[in-house]
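Below is one structure, written out as structure tokens, with a few remarks after it.
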Amino acid sequence: MEQYLEFTGIGKAYPGVQALRDISFRCDGGEVLALLGENGAGKSTLLKILSGDTRPDEGGIIIDGRPQQFSAPYDAIKAGVSVIYQERQLVPAMSVMENIFLGEQPKTSLGTIDKKALRQSTQDIIDKFGLPIRPDELAGRLSVAYQQMVEIMKAYRRNSKIIAFDEPTAPLADAEIAILFDLIRRLKEEGRIVLYVSHRLSEIFRITDKIAVLKDGRFVKYLTTSRTNEQELIQAMVGRDIGDTYANLRRNDKLGDVLLEVCNLETEYLRDVSFTLRRGEVLGLAGLVGAGRTEVARAIFGADAILGGEIRFEGEAIDFSEPKDAIEAGIALCPEDRKDQGLVLWRSIRENITMPVLGRIRKGLFLDRAAEEHLAEEAIAKYAIRTPSINKIVRELSGGNQQKVILGRWTNSKMTTKLLILDEPTKGIDVGTKAEVYQMICDFAGEGFGVIFISSELTEVINVSDRIIVMRNGRVTGDVTRREATEESVLALAMTD
Amino acid sequence: MEKQSYMRGVVRSPMFSLLILFAALVIYFSAASKGLFLKPKNLVNILNAMAISALLTQGVSFLMISGKLDLSTGANGTLCGMLLAFLLQHGTPVVIALPVSLALGGVIGLFNSVLVNEINFQPFIATLASTSVFTGFVYVLANKKAIDIKNPVVLWLGKGMIINYIPVSAVMALLLMVVVGVILHKTKFGRQIYLVGGNAKAAMLSGINPKKLSYKLFAICGVFSSLAGITLAARLQSGTIAGVTNARFQGITAAVLGGISFGGGSGGMGGAFVGLLVLSGFNNGMTVVGLNPYWQTVASGLLLLFALALDVFRTRRNAKA
Numbered sequence: 100m101e102q103y104l105e106f107t108g109i110g111k112a113y114p115g116v117q118a119l120r121d122i123s124f125r126c127d128g129g130e131v132l133a134l135l136g137e138n139g140a141g142k143s144t145l146l147k148i149l150s151g152d153t154r155p156d157e158g159g160i161i162i163d164g165r166p167q168q169f170s171a172p173y174d175a176i177k178a179g180v181s182v183i184y185q186e187r188q189l190v191p192a193m194s195v196m197e198n199i200f201l202g203e204q205p206k207t208s209l210g211t212i213d214k215k216a217l218r219q220s221t222q223d224i225i226d227k228f229g230l231p232i233r234p235d236e237l238a239g240r241l242s243v244a245y246q247q248m249v250e251i252m253k254a255y256r257r258n259s260k261i262i263a264f265d266e267p268t269a270p271l272a273d274a275e276i277a278i279l280f281d282l283i284r285r286l287k288e289e290g291r292i293v294l295y296v297s298h299r300l301s302e303i304f305r306i307t308d309k310i311a312v313l314k315d316g317r318f319v320k321y322l323t324t325s326r327t328n329e330q331e332l333i334q335a336m337v338g339r340d341i342g343d344t345y346a347n348l349r350r351n352d353k354l355g356d357v358l359l360e361v362c363n364l365e366t367e368y369l370r371d372v373s374f375t376l377r378r379g380e381v382l383g384l385a386g387l388v389g390a391g392r393t394e395v396a397r398a399i400f401g402a403d404a405i406l407g408g409e410i411r412f413e414g415e416a417i418d419f420s421e422p423k424d425a426i427e428a429g430i431a432l433c434p435e436d437r438k439d440q441g442l443v444l445w446r447s448i449r450e451n452i453t454m455p456v457l458g459r460i461r462k463g464l465f466l467d468r469a470a471e472e473h474l475a476e477e478a479i480a481k482y483a484i485r486t487p488s489i490n491k492i493v494r495e496l497s498g499g500n501q502q503k504v505i506l507g508r509w510t511n512s513k514m515t516t517k518l519l520i521l522d523e524p525t526k527g528i529d530v531g532t533k534a535e536v537y538q539m540i541c542d543f544a545g546e547g548f549g550v551i552f553i554s555s556e557l558t559e560v561i562n563v564s565d566r567i568i569v570m571r572n573g574r575v576t577g578d579v580t581r582r583e584a585t586e587e588s589v590l591a592l593a594m595t596d
Numbered sequence: 004m005e006k007q008s009y010m011r012g013v014v015r016s017p018m019f020s021l022l023i024l025f026a027a028l029v030i031y032f033s034a035a036s037k038g039l040f041l042k043p044k045n046l047v048n049i050l051n052a053m054a055i056s057a058l059l060t061q062g063v064s065f066l067m068i069s070g071k072l073d074l075s076t077g078a079n080g081t082l083c084g085m086l087l088a089f090l091l092q093h094g095t096p097v098v099i100a101l102p103v104s105l106a107l108g109g110v111i112g113l114f115n116s117v118l119v120n121e122i123n124f125q126p127f128i129a130t131l132a133s134t135s136v137f138t139g140f141v142y143v144l145a146n147k148k149a150i151d152i153k154n155p156v157v158l159w160l161g162k163g164m165i166i167n168y169i170p171v172s173a174v175m176a177l178l179l180m181v182v183v184g185v186i187l188h189k190t191k192f193g194r195q196i197y198l199v200g201g202n203a204k205a206a207m208l209s210g211i212n213p214k215k216l217s218y219k220l221f222a223i224c225g226v227f228s229s230l231a232g233i234t235l236a237a238r239l240q241s242g243t244i245a246g247v248t249n250a251r252f253q254g255i256t257a258a259v260l261g262g263i264s265f266g267g268g269s270g271g272m273g274g275a276f277v278g279l280l281v282l283s284g285f286n287n288g289m290t291v292v293g294l295n296p297y298w299q300t301v302a303s304g305l306l307l308l309f310a311l312a313l314d315v316f317r318t319r320r321n322a323k324a
């Protein structure tokens with residue numbers, strides 16, 4: 100029988116927004132279909148409807164010709180749908196095999212769990228995918244990438260006909276992405292239906308067959324991957340031609356004196372790391388996940404102890420005991436995980452922007468509300484943050500606007516920032532906003548900041564930075580200029596001994 | 004249009020539904036007690052009870068907004084009340100005995116803070132355990148008997164009246180509440196509490212030291228607990244073994260009813276005040292209508308559960324919105 104998944108006229112409204120409007124398209128077995136759109140286009144809502152998490156107001160889902168009514172995620176799973184979200188959904192304290200067979204472990208005749216059969220069946224699946232995971236390992240101990248693989252195996256074990264991925268590569272490094280794509284190709288060969296949500300256009304060309312483009316909750320275009328190009332996709336997504344992002348960046352070419360010197364730095368995670376950064380320079384840190392890039396930022400910021408070597412900032416050796424001291428000295432860190440470490444989601448834009456400068460906006464005993472509002476207005480204007488008010492709760496902003504709030508925090512006029520460390524600033528941000536962030540990075544350099552730009556996306560890190568430090572296993576394996584760097588050469592430095 | 008949506012906001016706000024609940028309680032208890040509930044003498048009783056709960060609520064609110072909790076407030080207050088009685092009995096001048104008793108509350112707070120910040124106990128567990136330590140000290144100090152208090156200054160604090168009807172303790176507690184409200188909303192210190200409660204990691208990376216803050220907040224909570232215990236001892240004219248031990252949940256109930264979530268980062272003194280009104284009206288009303296004290300305990304427990312359910316419900320609704 101023919102395998103297919105069809106959305107027919109799906110509509111969904113939330114208070115104040117029409118999230119989806121008359122979405123209809125179809126995806127066939129043995130195909131990988133990309134679901135593409137900017138943040139807020141409705142991709143997540145559509146996935147939630149597919150997973151039974153949310154019910155549509157109108158329209159429905161048809162699988163292999165049969166209309167489906169999902170009132171809870173359980174119904175969707177029964178109908179053969181597995182959705183693999185950005186947030187992992189494994190039980191960290193359980194083993195890989197228990198996770199894969201969660202709720203349906205093989206039983207012995209006594210009714211207890213048949214560990215032997217469980218281990219064997221799990222090993223069979225692991226072998227099928229050729230992964231170096233042991234069935235007895237605790238899921239929580241695995242790297243993010245392997246946790247994701249376990250989720251895929253879980254979907255496979257459930258015999259899901261339809262497997263949807265929500266930005267699966269966001270936390271992965273390029274080598275891990277290759278393994279993931281390999282798995283997806285296998286699923287496709289077996290005739291399963293794969294839905295793939297991602298912001299990364301290059302991946303969409305690598306892995307998908309068809310592309311459904313959403314914009315503002317509407318379905319705008321259905322394309323065959325082999326017969327389209329980036330320009331066409333971006334145009335469909337943003338409704339305008341953004342041209343060649345990197346070539347159009349207005350860069351800073353006036354380098355100042357040396358701002359930061361890292362000499363033979365050793366920490367628990369780093370070995371013999373050395374590099375320098377000048378004022379007005381954008382220094383990229385490239386490497387796989389776990390290469391030690393974030394750890395460099397942490398050491399500079401005073402979050403990890405320095406065990407050997409030294410860090411010199413404006414010519415003086417620094418070793419901060421807490422972030423507060425680093426901030427006082429003029430170092431700002433935009434952490435990797437916006438929601439977990441960057442923002443106080445339930446507080447307003449205003450409160451998030453003034454966090455590090457509360458001591459500088461006081462009037463006697465009290466906070467100077469007018470000064471505070473001024474700083475917030477300033478950031479909204481400078482970064483074109485889309486919001487009706489400075490008092491809007493940050494949680495209600497899109498990812499791109501949230502990132503701008505963080506940038507606004509560290510560059511507000513009460514700050515004395517000289518070194519700005521941006522750890523994965525474009526993660527989970529749509530293409531249009533990414534281009535804005537790149538320009539901001541160049542502008543920061545233009546204002547005389549030293550900028551450290553950490554990114555797992557090779558293309559952006561080698562095209563935005565003036566110089567690129569490549570890291571692997573806590574060591575520096577390369578130091579190249581933008582002109583010298585190619586994706587191949589940097590990847591080789593990041594991966595080989 | 005503007006006005007309409009503003010009104011709708013007011014009607015939908017949790018405070019509005021609480022005020023409705025309060026009004027309903029007042030009407031019901033007035034009717035059921037044949038007007039006794041609203042007699043001046045009873046209103047004084049309500050204010051007196053409110054004073055103690057208000058002090059406990061303020062202390063614990065600081066911690067709850069920062070995402071922590073203290074269950075030992077009752078035992079702390081009882082011990083401090085007992086210490087005050089003990090010191091006065093042994094001839095210590097009031098100008099020394101009073102500050103020392105308040106300071107003990109702060110020290111107890113710091114002790115809790117060490118358990119939470121240095122040994123990394125969950126606040127719930129740490130303060131549950133320390134409760135029984137402090138209660139033990141109460142027994143040791145009391146040596147099986149309540150200790151009488153005769154000092155007029157202390158008695159004025161507990162029993163004094165302004166223009167015959169307004170208890171000094173209630174005025175003190177409510178004035179402090181205004182001060183706490185201002186601290187929370189207008190100062191750097193207050194803002195830091197909300198930021199740490201909202202996201203401690205982000206706050207730390209923005210130069211706020213959550214650990215230092217937590218020490219301060221536990222100490223403040225301890226001092227407020229102590230003040231509550233001292234006020235009750237003064238009113239009863241003796242340091243008693245029961246003291247405010249059972250009132251600790253009242254402080255938490257009022258805070259949670261008023262919108263201070265266990266998750267931290269939200270709520271304030273305005274809501275806590277409304278929560279106090281509901282709680283005090285409810286507790287007093289049960290006595291006035293002559294409900295059996297055993298059933299009153301059951302009802303108080305149910306009110307706490309109701310407050311917790313409200314917290315869960317609000318959190319869930321926010322997560323969806």
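For the record, the sequence lines run as chains S and D.
Using the numbering used here, you'd call the opening residue of the first sequence number 100 and step up by one each time.
Using the numbering used here, you'd call the opening residue of the second sequence number 4 and step up by one each time.
Ideal Cβ positions, reconstructed from N, Cα and C, are used throughout, including at glycine.
Since the model is a prediction, treat every value here as computed from it, not as a measurement.
query                                                                                                                                                                                : result
For S/R257, which of S/I212, S/R187 and S/V180 has the nearest alpha-carbon?                                                                                                         : S/V180
Would S/G458 count as contacting chain D if we go by Cβ distances under 8 Å?                                                                                                         : yes
Using a Cβ-Cβ cut-off of less than 8 Å, list which residues of the segment 262-275 of chain D approach chain S; keep chain order.                                                    : G268 and S269
Spell out whether any CB of chain D is found under 8 Å from the CB atom of S/M454.                                                                                                   : yes
Taking all protein chains shown into account, decide if S/L557 is buried (16 or more other Cβ within 10 angstroms of its Cβ) or exposed.                                             : buried
Give me whichever residues DSSP pairs with S/K214 in a beta bridge.                                                                                                                  : In DSSP, S/K214 forms no bridge with anything.
Leaving aside the five residues before and after D/N74 along the sequence, list all residues of the same chain whose C-beta is less than 7 Å from its C-beta, in chain order.        : In the sequence under discussion, the amino acid at residue 74 of chain D is Leu, which differs from the Asn named in the question. Once the five neighbours on either side are set aside, the close Cβ partners of D/L74 are F127, T130, L131, T134 and R251.
Taking 8 Å as the cut-off, does the segment 371-382 of chain S touch the segment 346-355 of chain S (at least 3 CB pairs, one atom from each stretch)?                               : yes
Is there a C-beta anywhere in chain D that falls below 8 Å from the one on S/E559?                                                                                                   : no
Here's a check: name, in chain order, each residue in its chain whose Cβ is nearer than 7 Å to the Cβ of S/A192, leaving out the five neighbours to either side.                     : L237 and G239
Quick one: which chain D residues come within Cβ less than 7 Å of S/V550?                                                                                                            : Those do not exist, as S/V550 stays about 18 Å from chain D at its closest Cβ, beyond 7 Å.
Just verifying my parser: in three-state terms, what is the DSSP assignment at S/I341?                                                                                               : Residue confidence is low: S/I341 scores 49 on pLDDT, short of 50, so the model does not pin down where it sits. Its coordinate-derived value is still stated next. It is coil, neither helix nor strand.
Going by C-alpha to C-alpha distance, which of S/A544, S/I262 and S/R392 sits closest to S/L132?                                                                                     : S/I262
Please state whether the Cβ-Cβ distance between S/I232 and S/L282 is less than 8 Å.                                                                                                  : no
Tell me the rounded alpha-carbon separation between S/I225 and S/N198.                                                                                                               : 13 Å
For the alpha helix (DSSP H) that contains D/I186, what are its first and last residues?                                                                                             : V171 to K189
In chain D, which residues lie less than 7 Å from S/F465 when you measure between Cβ atoms?                                                                                          : K189 and T190
Taking beta-carbon pairs under 8 Å, can you tell me which members of the segment 193-213 of chain D lie near chain S?                                                                : R194, Q195, Y197, L198, G201, N202, K204, A205, A206, M207, L208, S209, G210, I211 and N212
Taking Cβ-Cβ distances shorter than 8 Å, what residues in chain D pair up with S/E450?                                                                                               : R194, Y197 and L198
According to DSSP, which residues form a beta bridge with S/E415?                                                                                                                    : S/F412
Over the uninterrupted alpha helix (DSSP H) stretch that includes S/K147, give me the two end residues.                                                                              : K142 to L149
Consider the Cβ of S/P434: report whether some Cβ of chain D lies at a distance smaller than 8 Å.                                                                                    : yes
My output table needs one value for D/N123: the three-state DSSP class, helix, strand or coil.                                                                                       : coil
Could you tell me how far apart the beta carbons of S/V372 and S/V575 are, in whole angstroms, since I believe they sit closer than 8 Å?                                             : 5 Å
Could you name the residues of the same chain whose beta carbon sits closer than 6 Å to that of S/E105, not counting the 5 residues immediately before and after it, in chain order? : R125 and I161
Return no unless some Cβ of chain D is closer than 8 Å to the Cβ of S/I276.                                                                                                          : no
Strictly below 8 Å CB to CB, what residues from chain C border S/I426?                                                                                                               : The structure shown has no chain C; the protein chains it does contain are S and D.
From S/Q502, S/R508 and S/I567, pick the residue whose C-alpha is nearest to that of S/E476; which is it?                                                                            : S/R508
Tell me whether the beta-carbon of S/T525 lies closer than 8 Å to the beta-carbon of S/E559.                                                                                         : yes
Determine, for S/E421, whether the minimum Cβ-Cβ distance to residues of chain D falls below 8 Å.                                                                                    : yes
Give me the Cα-Cα distance between S/Y295 and D/F192, rounded to the nearest whole angstrom.                                                                                         : 46 Å
Determine the extent of the beta strand (DSSP E) in which S/Y184 is found, giving its start and end residues.                                                                        : S/Y184 -> no beta strand (DSSP E), and no H or E assigned at all.
How many Å lie between S/Q330 and S/K314 at the Cα?                                                                                                                                  : 16 Å
Taking only beta-carbon positions, decide if S/V388 is within less than 8 Å of chain D.                                                                                              : no
Can you tell me which of S/E157, S/Q334 and S/I183 puts its alpha carbon nearest to the alpha carbon of S/L146?                                                                      : S/I183
Can you pull the chain D residues whose beta carbon is under 7 Å from the beta carbon of S/D439, in chain order?                                                                     : K204
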